[in-house]
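Student:
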Amino acid sequence: MIAADTHRLGLDAHGSVQSLTSGWTYLVGQYPDHAISSAGPVRALVANVDNAFLNMVVIEQPTGGPRGFADALAQAAGIMERCPYPAMLASVPEWYPDGADALFASAGLAHAQDLWGMAATTLALARWPEPELDYRLIRDRQSAIDIGLVNAAAYSMPVETFAITDTVHQWSGEHFGVVGYADGEAVTGALAYIQDDQIYIGWVATLPDRHGQGLGEAAMRRAIKAAQDAASGPLPLWLHATAMGRPLYRSMGFEDAAHMRLHVLEGAGH
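146 is the number of the first residue of the sequence shown in this note's numbering; add one for each residue after it.
1. I'd like the list of long-range same chain contacts for W240, defined as Cβ closer than 6 Å, with 5 residues on each side in sequence excluded.
2. F321 lies in the beta strand (DSSP E); which residues open and close that run?
3. For a test of the three-state rule: what should DSSP assign to R188, helix, strand or coil?
4. Bridge partners of L282, per DSSP?
5. Leaving out the 5 sequence neighbours to the left and right, which residues in its chain are closer than 7 Å to G244 when beta-carbon positions are compared?
6. May I have the straight-line CA-CA distance separating I369 from T267, to the nearest angstrom?
7. So the candidates are Y171, L156, E362 and G412; which of them puts its Cα closest to the Cα of E275?
8. Which residue marks the beginning of the alpha helix (DSSP H) containing T306, and which one marks its end?
9. Does DSSP put G361 in a helix, a strand or coil?
10. Alpha carbon to alpha carbon, how far is Y394 from A271? Give it in angstroms, no decimals.
11. Pull up the distance between the alpha-carbon of A331 and that of V295, whole angstroms please.
12. List, from N- to C-terminal side, the alpha helix (DSSP H) runs of 4 residues or more that fit wholly inside the stretch 204–264.
13. Looking only at its own chain, which residues have a Cβ that is under 7 Å from the Cβ of T306, when we skip the five neighbours before and after it?
14. What's the C-alpha gap between G160 and A402?
15. Strictly by DSSP, which residues pair up with R406?
16. Grouping DSSP H, G and I as helix and E and B as strand, with all else coil, what is D178?
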């Protein structure tokens, strides 16, 4: 297991938010109609695509009390309302003032999901041999589509929502998506990319009927290794995990950073 340097990794609210905004800046910037802006404590990272996770608004610093928090929520809700597609707000409960639930409700925002920033300096040893799959780096349109199909199935989301992955092979920068195939079927996938002195990991997913076989871990390790090989030196590994993914990432050597919450506009699909 790792001996994490908490100070160097920034395992606090600021570090977790900084990692998320940096990671999303890269993702969102790959889409031609994206809009990225900051005003006060609110940062908008909006790809303007039909996937709420890529239309993200972030409260990236403390707001100084209930009034400042209410103003930030109103600002964020306005950005989300103007987006033609579903959008999400990411925030840190550690920075909430008293009465935050009522302030979210007044702004028309409903809790959707919890995330945990997680970071590592290196990975723990694999717990079992790598599953025998046909692992492919995403370098063509079909493999780009396939990582989206696996994610859609894994998270019970419409296939159309993850059609946004079909250009991954054309993205700029140092990105390393891996898809694992069994008998020609895409069964698992993961994405790692280098951005702002970190390797950020996302889109880790496995088909529901293949859970418990170590497939997602194998794809993730391959994606991370490809990114590490391309980096000019050692870089911290960062991701933001759902409750479902945390046990896997902990077993791989990741440590918890700050807890975050995602909110959507009330009545919006997500």
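Just so you know, even glycine gets a beta-carbon here, dropped at the ideal spot from N, CA and C.
For clarity, every value in this text was computed on a predicted model and none was experimentally measured.
Tutor: Looking at the coordinates:
1. P207
2. H320 to A327
3. strand
4. V323
5. P211
6. 10 Å
7. E362
8. Segment: none, T306 is in no alpha helix (DSSP H) and carries neither H nor E.
9. helix
10. 11 Å
11. 7 Å
12. 211–227 and 245–251
13. D195, N196 and A297
14. 8 Å
15. S236 and D259
16. coil
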